[in-house]
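Residue numbers (the UniProt record's numbering), protein chains in the order written: chain A, 1 to 635; chain B, 1 to 224. Notes to accompany the following structure.
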Ligand SMILES: Nc1nc2c(ncn2[C@@H]2O[C@H](COP(=O)(O)OP(=O)(O)OP(=O)(O)O)[C@@H](O)[C@H]2O)c(=O)[nH]1
Ligand SMILES: [Mg+2]
């Protein structure tokens, strides 16, 4: 099978290049070491290839994204025989012709390759030296342009001269050379103007139609998706305003982003200090702030999560909690008994129940199975996962079981390890996010709209770009939101992220700012690669397990500070992050004509009746343009 | 033995290839994502996650000397997410209707999937749209099998007679063949649409099942 180098000429190669696998491994850090080369084949042209030399399973260096591996010294720890590990490290081949751009980061030691169709390839890490040689070799073989906006990004420009010619030639519309056709057209025009024109243009039209059919298709899909994602508004004036909430492209609205340092996790000693002798948790706000800034140490999760998820009240005593727990144990088993005592006969006549049960079964078998906690056949924890979900169906039969719930339960069960506590913590979590799972998807739709709104004030360029590329509905963030980033981060990171989010600090909907932060990191890549609807979707899907948690959290908090100190943040955005509306609730009642407020730095706010606000800015006159036909149904 | 080992695609000049949009539909858990991954990267992950939202992968495939780029769309099977899945049907060239041979319900739902597709893809001529009916998980033991090949064939006969194939994403049985078959079926229909007056009036597609969708023929065999 390994015939990579057999044919073809090797133009360049570099040993000891690590690949962090793109598969959804969340429990260990497995990197494969291999050789990255550029090879020219007679058939398919130049290719970038990476071929594994061995598989390293490295768990000691968990907290580093890239383990520095001395391939020789640790040979004993390799598991190249294992089928599963091997499968994570498949060879990679990218045709140079498909390359759209690449990004060089981490002291020039890391390279990410992106293809024209939106595929992002495994990130390559150069353990020995850096990627300079590789990049130089690449540049020797293709034309690249360094992005002006993102200095790490190198773009392979489309070849404009040949683009049209190639389309003509490859479509084989004209048997002759394209230039000849044009000349013939000109010559014949004198003799048979009408026929000549028609004939030639018929062919040309074919091309335009052909060229645009792919795009038309995307537009249609996006249009239908927009409709699906539109909230069923009752008021007519809200229609059409869902996505075009704010347009601030003309001017900077936000102050510079302040740094927001992360902190150490809550320690066992600290936690003890926050409890009085009866067990009341004191100074909860300070405590939450610590958790927001750094999470909690893993050993404390078992205890602290119960408070964060509302299972235990902060102001309860040890005694209260003991009593509460006893009660909750009883209540749980009562509900569990309800479904456990359904007889096979009953089940047969109870299709709603059967359906839910089958859904749970199917998903449980596919939830975090690479994690040791859930691995193997007949795993007992898997049974617990299933029992808790079935009991939740009895607890909330109307909602039932919806795909995604097993993802939310898994880390909780892993921390709690017992059925009852895991169940009640899960209930607490579901209370926070159950609108994601509603039948009409209204919760998801609303969040996508809110995200779009926050994006348009924070990253107006990107927001405008997305709109122009059929992506203003933010559907590509659907998975992020549905399971709160569960699929995007490693298991360790997701636990950290969730405990941070559960503090509800610094504002409501902070998770939306996290989305904005990720998009902030990606914005130049998306725009400079000129990605369209499908490529954007693909690029965002491919980000899974390649997002740095701490820097993203820090960025999201920075954005929060930017928004709170912005002078004229639109009310619709203010409300999402829990700020009082600027106009104040009174403005809506004062049925006054347009009033103009001058703010010292040249911003002009015009507020009208009926929540119609206009704010204008133009660089020349120093005005900010903000138009809004606000629908009042936002809350 | 062409090396299906690579994640990349195999042909130069991507713009030359005909791009075909393929959607894989079927109940949750029948193995849609596994089929796609087996086809695209020749890899099977027993413990892959269920799909949230939509995913797609591209893969080039060569059939009768012609290279096609398949853009394969995989969606979540659960009813709840229907409204977010159906927009992606628009503009499809090929539709794989998938069930698992060990899951009778998934087979019974084929008609629903077919109708959902026809409705939302806005296909005018349902009877001539290139569907392919795929019975996955053919590797399961005969005791676990709940849908026979004959039954599935019978269903196909009554529903526009699409080709039918039984596959296993797990052991790679018929997966490449399934996608090739789908493309051939597309190409065949396309040729007929392009040249309506050429050839005779016999519907060649109706002869296909005999030679092609012989699920019972290659069950348990390996891909070549
Ligand atoms: N025995 C066997 N199992 C398979 C095969 N293909 C898939 N599976 C298993 O069936 C389960 C479901 O496969 P998926 O590919 O996730 O199913 P899906 O149709 O994509 O499901 P949704 O994403 O929920 O719509 C997984 O646990 C796979 O391991 C197969 O050919 N044979
Ligand atoms: Mg799937």
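Backbone N, C-alpha and C define an ideal beta-carbon position, used for all residues, glycine too. Since the model is a prediction, treat every value here as computed from it, not as a measurement.
List, in chain order, every chain C residue whose beta-carbon is nearer than 7 Å to that of residue i.
i                     : result
residue 214 (chain A) : Judged by its chain identifiers, the structure shown contains no chain C, and its protein chains are A and B.
Would you kindly check if the distance between the Cβ of residue j and the Cβ of residue i is under 8 Å?
i                     : j                     : result
residue 53 (chain A)  : residue 33 (chain A)  : yes
residue 482 (chain A) : residue 444 (chain A) : yes
residue 516 (chain A) : residue 455 (chain A) : yes
residue 458 (chain A) : residue 559 (chain A) : yes
residue 40 (chain B)  : residue 98 (chain B)  : no
residue 156 (chain A) : residue 99 (chain A)  : yes
residue 179 (chain B) : residue 19 (chain B)  : no
residue 91 (chain B)  : residue 217 (chain A) : yes
residue 104 (chain A) : residue 135 (chain A) : yes
residue 402 (chain A) : residue 80 (chain B)  : yes
residue 509 (chain A) : residue 412 (chain A) : no
residue 117 (chain A) : residue 538 (chain A) : yes
residue 47 (chain A)  : residue 96 (chain A)  : yes
residue 534 (chain A) : residue 56 (chain B)  : yes
residue 294 (chain A) : residue 264 (chain A) : yes
residue 130 (chain B) : residue 189 (chain B) : yes
residue 226 (chain A) : residue 473 (chain A) : yes
residue 25 (chain B)  : residue 117 (chain B) : yes
So, for residue i: in the same chain, excluding its five sequence neighbours on each side, which residues have a beta-carbon less than 6 Å away from its beta-carbon?
i                     : result
residue 311 (chain A) : 424, 425, 428
residue 339 (chain A) : 390, 394
residue 436 (chain A) : 443, 444, 482
residue 579 (chain A) : none
Taking 7 Å as the cut-off, is the beta-carbon of residue i closer than that to any non-hydrogen atom of ligand 2?
i                     : result
residue 47 (chain B)  : no
residue 51 (chain B)  : yes
residue 486 (chain A) : no
residue 407 (chain A) : no
residue 74 (chain B)  : yes
Mind checking whether the beta-carbon of residue i lies closer than 7 Å to any heavy atom of ligand 1?
i                     : result
residue 386 (chain A) : no
residue 404 (chain A) : no
residue 141 (chain B) : no
residue 33 (chain B)  : yes
residue 410 (chain A) : no
residue 428 (chain A) : no
residue 116 (chain A) : no
residue 396 (chain A) : no
residue 168 (chain B) : yes
residue 400 (chain A) : no
residue 30 (chain B)  : yes
residue 140 (chain A) : no
residue 226 (chain A) : no
residue 365 (chain A) : yes
Apart from the five residues on each side of it in sequence, which residues of its chain come closer than 8 Å, Cβ to Cβ, to residue i?
i                     : result
residue 175 (chain B) : 35, 38, 39, 167, 168, 169, 223
residue 70 (chain A)  : With a pLDDT of 29 at residue 70 (chain A), under the threshold of 50, the predicted position of this residue should be treated as unreliable, though the coordinate-derived value follows. Hits under 8 Å: none found.
residue 360 (chain A) : 386, 389, 390, 393, 401, 406
residue 282 (chain A) : 274, 275, 276
residue 133 (chain A) : 12, 14
residue 215 (chain A) : 532
Keeping to the same chain, check which residues put their C-beta closer than 7 Å to that of residue i; ignore five residues upstream and five downstream.
i                     : result
residue 300 (chain A) : 266, 268, 271
residue 382 (chain A) : 364, 374
residue 61 (chain B)  : 68, 70, 179, 180, 183
residue 163 (chain A) : At residue 163 (chain A), the pLDDT of 47 sits below 50, so the modelled position is not reliable; the number obtained from the coordinates is stated separately. Contacts found: none.
residue 438 (chain A) : none
residue 450 (chain A) : 509, 512, 576
residue 547 (chain A) : 488, 489, 518
Find the nearest neighbour of residue i within the set the options, judged by alpha-carbon distance.
i                     : options                    : result
residue 47 (chain B)  : A:371, A:47, A:282         : A:371
residue 656 (chain A) : A:328, A:102, A:278        : The structure shown does not extend to residue 656 (chain A), since chain A spans only 1 to 635, so no value can be given for it.
residue 115 (chain A) : A:536, A:573, A:386        : A:536
residue 107 (chain A) : A:446, A:130, A:433        : A:130
residue 49 (chain B)  : A:479, A:497, A:522        : A:479
residue 126 (chain A) : A:137, A:109, A:141, A:119 : A:109
residue 91 (chain A)  : A:111, A:50, A:214, A:112  : A:50
residue 8 (chain A)   : A:42, A:399, A:419, A:496  : A:42
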